[in-house]
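Taking the working numbering, the leading residue of the sequence shown gets 25, the next gets one more, and so forth.
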Amino acid sequence: MSDVPTDRPLVVIANRLPVGKTDDGWKASAGGLVTALRPVIEQTGGAWIGWDDDAASVPRNVEGLACDLHAVALSRAQVRGYYHGFSNRTVWPLFHDLVAQPVIDRSWWRAYSEVNTHFAEVVADVVKKMPTPPLLWVQDYHLMLLPEMLRSRCPDSPLGFFLHIPFPPPELVARLPWRNQLLEGLLAADAVGFHTRHYRDNFVRSVQQLYTGVSALGDTLALPDGRHVRAVAHPISIDVDEFSELAVADETEAELAELREQFAGRRIFLGVDRLDYTKGIRHRLESIQLLLERNPALRREVAFIQIAVPSRDDVKEYRELRTEVETEVGRINGRFTEPGHDVPVHYLYRGVSRAKLAAYYRLADVMCVTPLKDGMNLVAKEFVTCQAAAGGDGVLLLSEFAGALLEFGHDPVRCNPFDIEGMSYLMEAALDLEADDRRARLRRLAEAVRSWDVFRWVNGQLAEIERSSRRP
Ligand code: ADQ
Numbered sequence: 025m026s027d028v029p030t031d032r033p034l035v036v037i038a039n040r041l042p043v044g045k046t047d048d049g050w051k052a053s054a055g056g057l058v059t060a061l062r063p064v065i066e067q068t069g070g071a072w073i074g075w076d077d078d079a080a081s082v083p084r085n086v087e088g089l090a091c092d093l094h095a096v097a098l099s100r101a102q103v104r105g106y107y108h109g110f111s112n113r114t115v116w117p118l119f120h121d122l123v124a125q126p127v128i129d130r131s132w133w134r135a136y137s138e139v140n141t142h143f144a145e146v147v148a149d150v151v152k153k154m155p156t157p158p159l160l161w162v163q164d165y166h167l168m169l170l171p172e173m174l175r176s177r178c179p180d181s182p183l184g185f186f187l188h189i190p191f192p193p194p195e196l197v198a199r200l201p202w203r204n205q206l207l208e209g210l211l212a213a214d215a216v217g218f219h220t221r222h223y224r225d226n227f228v229r230s231v232q233q234l235y236t237g238v239s240a241l242g243d244t245l246a247l248p249d250g251r252h253v254r255a256v257a258h259p260i261s262i263d264v265d266e267f268s269e270l271a272v273a274d275e276t277e278a279e280l281a282e283l284r285e286q287f288a289g290r291r292i293f294l295g296v297d298r299l300d301y302t303k304g305i306r307h308r309l310e311s312i313q314l315l316l317e318r319n320p321a322l323r324r325e326v327a328f329i330q331i332a333v334p335s336r337d338d339v340k341e342y343r344e345l346r347t348e349v350e351t352e353v354g355r356i357n358g359r360f361t362e363p364g365h366d367v368p369v370h371y372l373y374r375g376v377s378r379a380k381l382a383a384y385y386r387l388a389d390v391m392c393v394t395p396l397k398d399g400m401n402l403v404a405k406e407f408v409t410c411q412a413a414a415g416g417d418g419v420l421l422l423s424e425f426a427g428a429l430l431e432f433g434h435d436p437v438r439c440n441p442f443d444i445e446g447m448s449y450l451m452e453a454a455l456d457l458e459a460d461d462r463r464a465r466l467r468r469l470a471e472a473v474r475s476w477d478v479f480r481w482v483n484g485q486l487a488e489i490e491r492s493s494r495r496p
């Protein structure tokens, strides 16, 4: 990684801590953000602050993670209102273009404000004990009030915010009774980051509707009180070297050999998602159904593998989605399995190991990333990287509503997941692409990911926060 753009310690504040309890004790969780931040924190020192159900037993340090951990303890009622309620049933559907109905509930909002305040107090306490004012970097939609709460409590710290989900157009933001508080919360940061310029533009337009006299000069917002805030588009990415190595590691090869044996003679469609209604899994299954209806020969020739990671199963909409997806899988298999042959749809409701995930990516002929709306989508980037590292020629079928599309141009087969029949034809077209074309597309996709990896994302964000904190 190149030089870290700040010589201050870094304090990351996120909903969750980057650790999990395993049978062998507490371990750093594998994930893009942790991987990307590890070298920065190792160089500058720092802390990570986040909620954990088991806050009292979270250790201060965990092997492989060179930062202090500070667990925020929340009551059951706070978690219900702040996390399951306002974050996941109000903001999440609203910011994903209403693919589900957001619920407006004043008690959830109160819990959200209360928890953000509690986070602010914990952060202030941690910062007070540090020898120099750290750079504070707040993550995601659970903590949108936090920048404003930290501005007064930690006046000497550069302050940044990054939103991992889309920022919707002002007409949707307007539906929130607390839109002004949220925008003011974010505007207290020195720099606010988004995955794409569309989300950034939506934010800027929302701010301009809130205040008169806001001017936007390039990426800088000049506010009526004389402050300047940077609103920047920085797409998140993956650790390309790590995935490239993983793709050809012995463990991955062993997993792949097993999968190849299991699926011998069949061409593979793959879906890998958190089980979330934004990911378009139901629409995808309906397209598969049409595809198999039209092409009886394909019932034996293709397999569709859907790996769905359990997610938010204490929220009603997610439990319902699971039932719908599982019913649909059963319906398709009941209808199209031919005597003496394997089922067409293989459904795994679980997380899989990194090596297994990489093996599935390599196995796939067509990777279906077809969300109805997605801030970025890292699965698409992981797939092209793993395929390219092993000289593969898999095709990426990518939704027009995934943030990743902006970096990928016309090399994926682009689809509109709301057009179920259209998507079923594109699945067929993806199978029929010529090998040379597939390989050239994949090479360009992998180059696009390599040219802006997660380290560039982190460095870009930190440099932006540092720079903008020095402005008036
Ligand atoms: P997510 O909605 O969780 O993230 P995504 O970007 O696809 O979506 O990341 C999912 C991660 O989980 C990937 O790294 C993937 O490898 C992993 N994963 C998925 N299924 C798995 C399985 N069965 N087993 C193991 N691992 C699995 C949110 C936003 C996205 C944005 C990210 C990062 O919704 O739009 O890209 O944050 O900002």
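Ideal Cβ positions, reconstructed from N, Cα and C, are used throughout, including at glycine.
For Leu196 and Ala382, the rounded distance between their alpha carbons: For the purposes of this step, residue 382 is taken as the residue at position 358 of the sequence shown. For the purposes of this step, residue 196 is taken as the residue at position 172 of the sequence shown. Straight across, the Cα-Cα distance linking Ala382 with Leu196 is about 38 Å.
Measuring from the CB of Gly399, is there a heavy atom of the ligand ADQ at a distance below 7 Å? In the sequence shown, counting from the first residue as 1, residue 399 sits at position 375. At least one heavy atom of the ligand ADQ is nearer than 7 Å to the Cβ of Gly399, so yes.
Tell me where the beta strand (DSSP E) around Gln163 begins and ends. By 1-based counting over the sequence shown, the position of residue 163 is 139. Here the beta strand (DSSP E) through Gln163 covers 159-163.
When DSSP labels each residue in this structure, what does Arg494 get in the three-state scheme? Residue mapping note: residue 494 aligns to position 470 of the sequence shown, counting from 1. Residue state, collapsed to three classes: coil.
Can you name, in chain order, every residue of its own chain whose Cβ lies under 7 Å from the Cβ of Gln102, other than the five neighbours on each side? Taking the first residue of the sequence shown as position 1, residue 102 is located at position 78. Ala135, Glu138, Val139, listed in sequence order.
Alpha carbon to alpha carbon, how far is Arg494 from Leu299? Give it in angstroms, no decimals. Counting from one through the sequence shown, the residue named residue 299 turns up at place 275. Counting from one through the sequence shown, the residue named residue 494 turns up at place 470. Rounded to the nearest angstrom, the two C-alpha atoms are 42 Å apart.
Can the beta-carbon of Leu422 be found closer than 8 Å to that of Leu430? Within the sequence shown, numbered from 1, the residue matching residue 422 stands at position 398. Within the sequence shown, numbered from 1, the residue matching residue 430 stands at position 406. Cβ distance not < 8 Å, so Leu422 and Leu430 don't count as in contact.
In three-state DSSP terms, what is Met451? Within the sequence shown, numbered from 1, the residue matching residue 451 stands at position 427. Helix, per DSSP.
Would you tell me roughly how many angstroms separate the C-alpha atoms of Met173 and Ala144, rounded to the nearest one? Locating residue 173 in the sequence shown gives position 149, where the first residue counts as 1. Locating residue 144 in the sequence shown gives position 120, where the first residue counts as 1. Looking at the two C-alpha atoms, the distance is approximately 6 Å.
Can you tell me which residues form a DSSP beta bridge with Ala246? In the sequence shown, counting from the first residue as 1, residue 246 sits at position 222. Ala246 is bridged to Ser239, His252.
Would you mind reading off the limits of the alpha helix (DSSP H) that contains His94? Locating residue 94 in the sequence shown gives position 70, counting from the first residue. His94 -> not in any alpha helix (DSSP H); beta strand (DSSP E) instead, spanning 92-96.
Look up Thr394 in the DSSP assignment and give the residues it is bridged to. What you label residue 394 is simply residue 370 of the sequence shown in a count that begins at 1. Under DSSP, no beta-bridge partner is assigned to Thr394.
Would the beta-carbon of Met12 fall within 8 Å of that of Val390? Only positions 25 to 496 of the chain appear in this structure, which leaves residue 12 out of reach.
For the ligand ADQ, any of its heavy atoms closer than 7 Å to the Cβ of Asp366? Within the sequence shown, residue 366 is the residue found at index 342, counting from 1. Not so, every heavy atom of the ligand ADQ lies at least 7 Å from the Cβ.
Could you check where the alpha helix (DSSP H) with Gln125 kicks off and where it finishes? In the sequence shown, residue 125 corresponds to position 101, counting from 1. Taken as a continuous stretch (DSSP letters only), Gln125 belongs to no alpha helix (DSSP H), as it is neither H nor E.
Which residues bound the alpha helix (DSSP H) around Pro410? Locating residue 410 in the sequence shown gives position 386, where the first residue counts as 1. Note on identity: in this sequence residue 410 is Cys, with Pro being the wrong assignment. 402-413 is the extent of the alpha helix (DSSP H) around Cys410.
Can you tell me whether Asp180 is helix, strand or coil according to DSSP? Start at 1 with the first residue of the sequence shown, and residue 180 comes out as number 156. Coil, per DSSP.
Inspect the CB distances between the region 474-492 and the region 198-218 and report whether three or more fall short of 8 Å. Counting C-beta pairs with one atom in each stretch, the region 474-492 and the region 198-218 have three or more that are closer than 8 Å, which means they touch.
Confirm the yes/no value for this check: CB of Arg298, any heavy atom of the ligand ADQ, distance under 7 Å. For the purposes of this step, residue 298 is taken as residue 274 along the sequence shown, with counting starting at 1. Checking every heavy atom of the ligand ADQ against the Cβ of Arg298, one is found closer than 7 Å.
Kindly indicate which three-state DSSP category Thr46 falls into: helix, strand or coil? As a working note, residue 46 is residue 22 in the sequence shown. Here Thr46 sits in strand by DSSP.
With DSSP collapsed to three states, give me the class of Trp75. Numbered from its first residue, the sequence shown carries residue 75 at position 51. In the structure shown, Trp75 sits in a strand (DSSP, three-state: E or B).
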